[in-house]
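Enquirer: Here it is: the structure, laid out below.
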Amino acid sequence: MIKRIIFALAIGILCNGAYSQVKLFSVGYGKTFVSNDSTAVSLTLDLNRIPGQSERAGGYYFVNDVIGDKGWGYYIKPTIDVNIGSGISSSPNNISLGVPIGLVYDFKKTNIGLFSFYVEGSPEMIADKTFKNNLHYLSINAYFKYEFLNDDILINVWSGITNANGIRNQVEFETDSYGRITVPFYLKMNFWNAISSKERKYKRINWINSFKFNYVYEDNPLINEDDTYFYFSSKLDVYITPNFGLGVTYFNGHEEPLFRRNNAISIGITLAK
Amino acid sequence: MTVTEIGVIEVVAQNSRFTFDEIKLSDPIDKFISSFMADRLARELKRKFPQIDTTSVTNELFISIKKIADIVVKVDSY
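Protein chains in written order, with numbering that gives the first Met the number 0: chain D, 0 to 272; chain X, 0 to 77.
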């Protein structure tokens, strides 16, 4: 039943079409390595996010403007991240919403690429797929963003530190305080030039990796038996056309809000524009 | 070239590894800067062209602006 719902949702979204220059929707079918739910269906939907990790910059903005002419700016943007699967270990099974409000400083171009620095506060909610267990917190984040781009390769890097403080709500349980420090790292590489039948240039390989180190210093002890967690995901898309790709995704680790072990690999399709 | 065309190409050159002479109006914007840095490009355009709505330009860079010439049209619309 869950598989049918996920498939129906995925097909419905796909029929509406993706509008982004980059990957927006992915549907996957794969294998897990943790429990006996050996095959699983997964769906990801990212608005200004990457799976299991906030992308924070680039994408759609409520506000993006400058302060003076010395390189400073400010912004407000929505973020949505949906990572759900049919198996417990096949996906983080989380749904995130946030509204980062921040300041940005754009450094002058250097010989090695572009750098921008961001500092922001963001009210956020992250729930499991049943919405019975969810976190509400204020996240304070500081991070650098870097881009290198030439004719042959694109490299994007994002890293910094975030601190979240708030509460955990569970159905039929008392509310707990929640606190976390995270060091994230995000790397995207895009390469292998190709030309479509309509002579549109594109790159065949799109490889996105994210790694997070989480230190949870306050939480419900039944949810969090440990206080340190890693989460790693890697997604490799091979684009057959500029708009259609075949992908392989692997992820391993523990992720909010339930911090259950995920370890799975899946294949799927990706639509881009 | 118009003043806007020159200004737009200057901003793109200041935010990419390419020089002014290497950038053509017919080129796709993602040849010079990716959507990952579209927010930055919009802010730099605002610093050059104070009359523009940075938020609108940012979102259109993400959704519909595909070529350098499209940026020129957008800036000239203000």
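C-beta: ideal position from N, C-alpha, C; glycine also.
Shortest alpha-carbon distance to Q169 (chain D) belongs to which of D:I83, D:P122, D:A126?
Expert: One-based indexing of the first sequence puts residue 169 (chain D) at position 170. Nearest C-alpha to Q169 (chain D): D:A126.
Enquirer: Round the Cβ separation of I79 (chain D) and L96 (chain D) to the nearest angstrom and send it over; I've been treating them as touching at under 8 Å.
Expert: On the first sequence, position 80 is the one that residue 79 (chain D) refers to. On the first sequence, position 97 is the one that residue 96 (chain D) refers to. Sure, about 6 Å apart at Cβ, within 8 Å.
Enquirer: Which residues does DSSP pair with Y201 (chain D) in a beta bridge?
Expert: Working through the first sequence from its first residue, we reach residue 201 (chain D) at position 202. The partner list for Y201 (chain D) (beta bridge, DSSP) reads D:A193.
Enquirer: So with Cβ pairs under 8 Å, would you call L235 (chain D) a contact of chain X?
Expert: Looking up residue 235 (chain D) in the first sequence gives position 236. Not closer than 8 Å to any Cβ of chain X, the Cβ of L235 (chain D) fails to qualify, so no.
Enquirer: Go ahead and pull the three-state DSSP assignment for S158 (chain D).
Expert: On the first sequence, position 159 is the one that residue 158 (chain D) refers to. Reduced to three states, the DSSP call for S158 (chain D) is strand.
Enquirer: Any C-beta of chain X sitting closer than 8 Å to the C-beta of S53 (chain D)?
Expert: The residue labelled residue 53 (chain D) in the question sits at position 54 within the first sequence. Low confidence applies to S53 (chain D): its pLDDT is 41, below 50, so where it sits in the model is not reliable, and the reading given next is rough at best. Not one chain X Cβ lies under 8 Å of S53 (chain D).
Enquirer: Measuring CB to CB, does T3 (chain X) end up less than 8 Å from V56 (chain X)?
Expert: Taking the first residue of the second sequence as position 1, residue 3 (chain X) is located at position 4. Taking the first residue of the second sequence as position 1, residue 56 (chain X) is located at position 57. Cβ distance not < 8 Å, so T3 (chain X) and V56 (chain X) don't count as in contact.
Enquirer: Would you check if the distance between the CB atom of F212 (chain D) and the CB atom of F229 (chain D) is smaller than 8 Å?
Expert: Taking the first residue of the first sequence as position 1, residue 212 (chain D) is located at position 213. Taking the first residue of the first sequence as position 1, residue 229 (chain D) is located at position 230. Yes, Cβ-Cβ distance for F212 (chain D) and F229 (chain D) is below 8 Å.
Enquirer: So, does the CB of T101 (chain X) fall closer than 8 Å to a CB anywhere in chain D?
Expert: Given that chain X is displayed from residue 0 to residue 77, the structure contains no residue 101 (chain X) and the question cannot be resolved.
Enquirer: Under 8 Å, do I67 (chain X) and V7 (chain X) count as touching if we go by C-beta distance?
Expert: By one-based count along the second sequence, residue 67 (chain X) stands at place 68. By one-based count along the second sequence, residue 7 (chain X) stands at place 8. Against a cut-off of 8 Å, the Cβ pair of V7 (chain X) and I67 (chain X) comes out as a contact.
Enquirer: Using a Cβ distance threshold of 8 Å, determine whether the region 165-183 of chain D contacts the region 143-154 of chain D, with at least three qualifying pairs required.
Expert: Touching, no.
Enquirer: So, with DSSP's three-state summary, where would you put N58 (chain X)?
Expert: In the second sequence, counting from the first residue as 1, residue 58 (chain X) sits at position 59. N58 (chain X) falls in the helix class under three-state DSSP.
Enquirer: Taking Cβ to Cβ, would you say F210 (chain D) is nearer than 8 Å to F184 (chain D)?
Expert: To locate residue 210 (chain D), count along the first sequence from 1; it is residue 211. To locate residue 184 (chain D), count along the first sequence from 1; it is residue 185. Result yes, Cβ atoms of F210 (chain D) and F184 (chain D) sit closer than 8 Å.
Enquirer: May I ask you to report which of helix, strand or coil DSSP gives I5 (chain X)?
Expert: In the second sequence, the residue the question calls residue 5 (chain X) occupies position 6. Helix at I5 (chain X).
Enquirer: Would you say V273 (chain D) faces chain X, with C-beta separation under 8 Å as the test?
Expert: A query on residue 273 (chain D) cannot be resolved here, the shown segment of chain D reaching from 0 to 272 and no further.
Enquirer: Name the chain X residues whose beta carbon is nearer than 7 Å to that of V65 (chain D)?
Expert: Residue numbering aside, residue 65 (chain D) sits at position 66 when the first sequence is read from its first letter. What V65 (chain D) touches in chain X: R42, K45, R46, T53.
Enquirer: Please say whether G159 (chain D) and I139 (chain D) have beta carbons closer to each other than 8 Å?
Expert: Looking up residue 139 (chain D) in the first sequence gives position 140. Looking up residue 159 (chain D) in the first sequence gives position 160. For I139 (chain D) and G159 (chain D), no; Cβs fall outside 8 Å.
Enquirer: Taking just the CA atoms, how far does N132 (chain D) sit from R203 (chain D)?
Expert: Taking the first sequence and counting its residues from 1, the one referred to as residue 203 (chain D) is at position 204. Taking the first sequence and counting its residues from 1, the one referred to as residue 132 (chain D) is at position 133. Rounded to the nearest angstrom, the two C-alpha atoms are 39 Å apart.
Enquirer: Pull up the CB-CB distance for N93 (chain D) and E255 (chain D), whole angstroms please, since I reckon it's below 8 Å.
Expert: Within the first sequence, the letter at position 94 stands for residue 93 (chain D). Within the first sequence, the letter at position 256 stands for residue 255 (chain D). Indeed they touch by this definition, with Cβ atoms about 6 Å apart.
Enquirer: Out of curiosity, what's the CA-to-CA distance linking P27 (chain X) and N261 (chain D)?
Expert: For the purposes of this step, residue 27 (chain X) is taken as residue 28 along the second sequence, with counting starting at 1. For the purposes of this step, residue 261 (chain D) is taken as residue 262 along the first sequence, with counting starting at 1. The straight-line gap from Cα to Cα measures roughly 39 Å.
Enquirer: By Cβ distance, which residues of its chain are closer than 8 Å to E9 (chain X), with the 5 residues on each side in sequence left out?
Expert: Here residue 9 (chain X) refers to the residue found at position 10 when the second sequence is read from its first residue. These residues qualify, in order along the chain: F19, K47.
Enquirer: Between which two residues does the beta strand (DSSP E) harbouring L113 (chain D) extend?
Expert: Within the first sequence, residue 113 (chain D) is the residue found at index 114, counting from 1. Per DSSP, L113 (chain D) belongs to the beta strand (DSSP E) from 113-127.
Enquirer: At a CB distance below 9 Å, what residues from the region 137-162 of chain D approach chain X? Give them in sequence order.
Expert: Answer in chain order: K144, E146, F147, L148, N149, D150, L153, N155, W157.
Enquirer: Looking only at its chain, what residues have a beta carbon closer than 7 Å to the beta carbon of Q13 (chain X), apart from the 5 residues adjacent to it on each side?
Expert: Within the second sequence, residue 13 (chain X) is the residue found at index 14, counting from 1. These residues qualify, in order along the chain: E43.
Enquirer: Since I139 (chain D) is in the alpha helix (DSSP H), which residue starts that stretch and which ends it?
Expert: As a first step, residue 139 (chain D) must be located in the first sequence, where it is residue number 140. Segment 132-148 is the beta strand (DSSP E) holding I139 (chain D); no alpha helix (DSSP H) there.
Enquirer: What is the rounded straight-line gap between the Cα of H135 (chain D) and the Cα of D64 (chain D)?
Expert: As a working note, residue 135 (chain D) is residue 136 in the first sequence. As a working note, residue 64 (chain D) is residue 65 in the first sequence. So the alpha carbons of these two residues sit roughly 28 Å apart.
Enquirer: Grab the span of the alpha helix (DSSP H) containing V98 (chain D) for me, first residue to last.
Expert: Position 99 of the first sequence, counted from the first residue, corresponds to residue 98 (chain D). Counting along the chain, V98 (chain D) falls outside any alpha helix (DSSP H), and DSSP gives it neither H nor E.
Enquirer: Counting only the same chain and skipping the five closest in sequence on each side, list residues whose C-beta sits under 8 Å from that of G246 (chain D).
Expert: What you label residue 246 (chain D) is simply residue 247 of the first sequence in a count that begins at 1. Answer for G246 (chain D): S25, G27, K234, L235, D236, V237, I266, G267, I268, T269, listed in chain order.
Enquirer: Check each candidate in X:L24, X:D29, X:T1 and name the one with the smallest Cα separation from D151 (chain D).
Expert: In the first sequence, counting from the first residue as 1, residue 151 (chain D) sits at position 152. That would be X:D29, whose Cα lies nearest to the Cα of D151 (chain D).
Enquirer: For Y104 (chain D), which of D:K76, D:E224, D:L148, D:S115 has the nearest alpha-carbon?
Expert: The sequence position of residue 104 (chain D) within the first sequence is 105, counting from 1. For the residues D:K76, D:E224, D:L148, D:S115, the minimum Cα distance to Y104 (chain D) belongs to D:S115.
Enquirer: If I measure Cβ to Cβ from L137 (chain D) and keep anything under 8 Å in the same chain, skipping five residues before and after, which residues do I get?
Expert: What you label residue 137 (chain D) is simply residue 138 of the first sequence in a count that begins at 1. G120, S121, P122, E123, A163, N164, G165, listed in sequence order.
Enquirer: Are there 16 or more other CB atoms within 10 angstroms of the CB of Y77 (chain X), so buried, or fewer, so exposed?
Expert: Numbered from its first residue, the second sequence carries residue 77 (chain X) at position 78. Looking at its Cβ environment, which holds fewer than 16 other Cβ atoms inside 10 Å, Y77 (chain X) is exposed.
Enquirer: Measuring CB to CB, does G58 (chain D) end up less than 8 Å from F31 (chain X)?
Expert: For the purposes of this step, residue 58 (chain D) is taken as residue 59 along the first sequence, with counting starting at 1. For the purposes of this step, residue 31 (chain X) is taken as residue 32 along the second sequence, with counting starting at 1. Not closer than 8 Å, so no.
Enquirer: Identify each residue in the region 111-124 of chain D for which the Cβ-Cβ distance to at least one residue of chain X is less than 8 Å, and report them in chain order.
Expert: From the region 111-124 of chain D, only G112, L113, S115 have a Cβ closer than 8 Å to chain X.
Enquirer: Taking only beta carbons into account, state which residues of the region 13-38 of chain X come closer than 8 Å to chain D, listed in chain order.
Expert: The region 13-38 of chain X vs chain D, Cβ under 8 Å: Q13, N14, S15, R16, P27, D29, K30, F31, I32, S33, S34, F35, M36, A37, D38.
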